[in-house]
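Going by this note's numbering, the first residue of the sequence shown is number 1, and it counts up by one from there.
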Amino acid sequence: MKLIEERTYEERLYIYSDDIEARKHFVSELKPKGWMVDNCWVGIDLNQIKQFYRFKRELTDDYVFNR
1 MKLIEERTYE ERLYIYSDDI EARKHFVSEL KPKGWMVDNC WVGIDLNQIK QFYRFKRELT
61 DDYVFNR
């Protein structure tokens, strides 16, 4: 058996209408579950300016072995 790729992080991408919405969601839902901001940028979605945030969290051994 040969290991091709080892993932140590889980990633999620969210699109928000503004920074206030992003901050509220992060503080109330994601941060308590161990998520952290990996990257953020401004872009266009459906012809509107949006905030894109990529979050990541470290995978635990329990997650890796029991998926």
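The beta-carbon is built from N, C-alpha and C at its ideal position, and this holds for glycine as well.
Note that the structure is a prediction, hence the values are computed from the model and not measured.
Could you check the C-alpha separation between residue i and residue j for me, to the nearest Å?
i   : j   : result
F55 : E10 : 8 Å
P69 : K2  : Any question about residue 69 goes unanswered here, given that the chain covers just 1 to 67.
R67 : E21 : Here R67 scores only 48 on pLDDT, less than 50, and its place in the model should not be relied on; the value that follows carries that caveat. Cα-Cα distance, rounded: 31 Å.
Opposite residue i in the DSSP bridges: which residues?
i   : result
F52 : I15, W41
M1  : Answer by DSSP bridge pairing: none, since M1 is not bridged.
R57 : E10
Considering only the alpha carbon of each residue, which of the options lies closest to residue i?
i   : options       : result
L46 : V27, Y16, A22 : Y16
V42 : Y14, L30, K2  : Y14
I49 : E6, R12, D19  : D19
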